[in-house]
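*Asks:*
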Amino acid sequence: MPVVIFSSPKGGAGKTTAATLFATQLAERGASVIVIDADPNKNVVDWANLAGVPKTLSVVGDVSEETIVDEIEAASEKASFVIVDLEGTASLMVSYAIAMADFVVIPVQGSQLDAKQAARQMKLIKGQEKITGRSIPFAVLFTRTNPAILPKTQRHIEERFTELNVPILATRLFDREAYRALFSFGGSLSALKNKGVSNLPAAISNAIEFTGEIVERLRNGNKAVAKREVA
Ligand SMILES: Nc1ncnc2c1ncn2[C@@H]1O[C@H](COP(=O)(O)OP(=O)(O)OP(=O)(O)O)[C@@H](O)[C@H]1O
Ligand SMILES: [Mg+2]
Numbered sequence: 020m021p022v023v024i025f026s027s028p029k030g031g032a033g034k035t036t037a038a039t040l041f042a043t044q045l046a047e048r049g050a051s052v053i054v055i056d057a058d059p060n061k062n063v064v065d066w067a068n069l070a071g072v073p074k075t076l077s078v079v080g081d082v083s084e085e086t087i088v089d090e091i092e093a094a095s096e097k098a099s100f101v102i103v104d105l106e107g108t109a110s111l112m113v114s115y116a117i118a119m120a121d122f123v124v125i126p127v128q129g130s131q132l133d134a135k136q137a138a139r140q141m142k143l144i145k146g147q148e149k150i151t152g153r154s155i156p157f158a159v160l161f162t163r164t165n166p167a168i169l170p171k172t173q174r175h176i177e178e179r180f181t182e183l184n185v186p187i188l189a190t191r192l193f194d195r196e197a198y199r200a201l202f203s204f205g206g207s208l209s210a211l212k213n214k215g216v217s218n219l220p221a222a223i224s225n226a227i228e229f230t231g232e233i234v235e236r237l238r239n240g241n242k243a244v245a246k247r248e249v250a
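Take 20 as the starting number for the sequence shown in this note's numbering and just add one per residue.
1. First and last residue of the alpha helix (DSSP H) that includes Ile168?
2. Hey, would you say the C-beta of Gly165 is under 7 Å away from at least one heavy atom of ligand 1?
3. Ignoring anything shorter than 3 residues or poking outside the stretch 27-107, list the beta strand (DSSP E) runs there in chain order.
4. If you measure from each CB to the nearest heavy atom of ligand 2 and keep those under 7 Å, what residues do you get, in chain order?
5. Closer than 7 Å: is that where the CB of Tyr115 sits relative to any heavy atom of ligand 1?
6. For a test of your reading of the model: does the CB of Thr162 fall under 7 Å from any non-hydrogen atom of ligand 1? Yes or no.
7. For Gly215 and Ala70, what's the separation of their Cα atoms in angstroms?
8. If you draw a straight line from the alpha carbon of Ala37 to that of Gly107, how long is it in whole angstroms?
9. Measure the CB-CB distance between Asp65 and Val79 and report whether it falls below 8 Å.
10. Buried or exposed: which applies to Asn68, given that a residue is buried once 16 or more other Cβ atoms fall within 10 Å of its Cβ?
11. Check whether the Cβ of Leu169 sits closer than 7 Å to any heavy atom of ligand 1, and report yes or no.
12. Reducing DSSP to helix, strand and coil, say where Ala158 ends up.
13. Which two residues bound the contiguous beta strand (DSSP E) that contains Lys124?
14. Expressed to the nearest angstrom, what Euclidean distance is found between the alpha-carbon atoms of Leu192 and Glu177?
15. Do three or more CB pairs link the stretch 126-135 to the stretch 85-99 at distances below 8 Å?
16. Please return the same chain residues whose Cβ sits closer than 7 Å to the Cβ of Ser130, not counting the five positions on each side in sequence.
17. By a C-beta neighbour count over all protein chains shown, 10 Å radius and 16 as the cutoff for buried, is Ser27 buried or exposed?
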């Protein structure tokens, strides 16, 4: 079943956070999900060692450059969704994962430095498209954005990407405490109730919107979806 990978050569872009939100939201709806944690830092494995991992979600942490292709293939035969979290560098492992992907999410924070690394990631995807002889759908995800204002730098980057026909997810992931708390308390966002996390309902609706958009793009061949952003 579909393989969705989260990748950018920029460290700290928001890959693991977005991948874990996507995985937990799908699993909460009953989908079987396998997350392959292909980052040597094993942040998703650490999260899965905390309490509250949804029943239909499992994490594969034992993966290397030699095994990634087989692991992705085996997982896609078992689960409704396979999600791969990659490390923040360009590597052979990243290239292999891109070659296997049905969708690549490229998280970008609103700075020119992030945008430059996103452009590198897109080149890598284009290279893999040539090698594999198929198109590999991808989209940029603006993350850690401010729910109240859209800073000028970010607007500029968005406009530039739009001019270059780069697909951008209509849903931005806001900077939310809940998205950090997930990695302290474990489980999914709904398990953070009663933990005193600020703006949890807003964080949940943003994560639902984000998950829904990727699922929709997987279904519709990566066409832009109508913007229904919830702050
Ligand atoms: N939408 C968000 N809201 C709040 N905090 C966020 C959000 N996205 C990421 N962060 C925080 O930013 C930091 C980097 O995020 P994350 O670990 O997801 O990035 P990454 O791209 O996986 O990094 P690496 O390249 O090191 O694997 C973390 O401290 C995380 O909690
Ligand atoms: Mg990470």
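Beta carbons: idealized from backbone N, C-alpha and C, even for Gly. Please read all numbers here as calculations on a predicted model, not as lab measurements.
*Replies:* Based on what the coordinates show:
1. Translated into the one-based positions of the sequence shown, residue 168 becomes position 149. Element bounds for Ile168: n/a, residue is neither H nor E.
2. Locating residue 165 in the sequence shown gives position 146, counting from the first residue. In the sequence as displayed, the identity of residue 165 is Asn instead of Gly. No.
3. 52-56, 76-79 and 100-104
4. Lys34, Thr35, Asp58, Asn60, Asn62, Asp104, Glu106 and Gly107
5. Within the sequence shown, residue 115 is the residue found at index 96, counting from 1. No, since every heavy atom of ligand 1 falls outside the 7 Å radius drawn around the Cβ of Tyr115.
6. Translated into positions along the sequence shown, residue 162 becomes position 143. For ligand 1, a non-hydrogen atom lies closer than 7 Å to the CB of Thr162.
7. Working through the sequence shown from its first residue, we reach residue 215 at position 196. Working through the sequence shown from its first residue, we reach residue 70 at position 51. Straight-line Cα distance between these residues: approximately 17 Å.
8. Walking along the sequence shown from the start, residue 37 turns up at place 18. Walking along the sequence shown from the start, residue 107 turns up at place 88. Going by the C-alpha atoms only, they are around 14 Å apart.
9. Mapped onto the sequence shown, residue 65 falls at position 46. Mapped onto the sequence shown, residue 79 falls at position 60. It is not a contact, given that the beta carbons lie outside the stated cut-off.
10. Your numbering for residue 68 matches position 49 in the sequence shown. Exposed is the call here.
11. In the sequence shown, residue 169 corresponds to position 150, counting from 1. No, the beta carbon of Leu169 sits no closer than 7 Å to any heavy atom of ligand 1.
12. Locating residue 158 in the sequence shown gives position 139, counting from the first residue. Residue state, collapsed to three classes: strand.
13. Translated into the one-based positions of the sequence shown, residue 124 becomes position 105. According to the sequence displayed, residue 124 carries Val and not Lys. From DSSP, the beta strand (DSSP E) with Val124 extends over Phe122 to Val127.
14. Locating residue 192 in the sequence shown gives position 173, counting from the first residue. Locating residue 177 in the sequence shown gives position 158, counting from the first residue. For Leu192 and Glu177, the distance between alpha carbons rounds to 14 Å.
15. no
16. Sequence index remark: in the sequence shown, residue 130 carries index 111 (1-based). Around Ser130: Thr172.
17. Within the sequence shown, the letter at position 8 stands for residue 27. Per the 10 Å Cβ criterion, buried.
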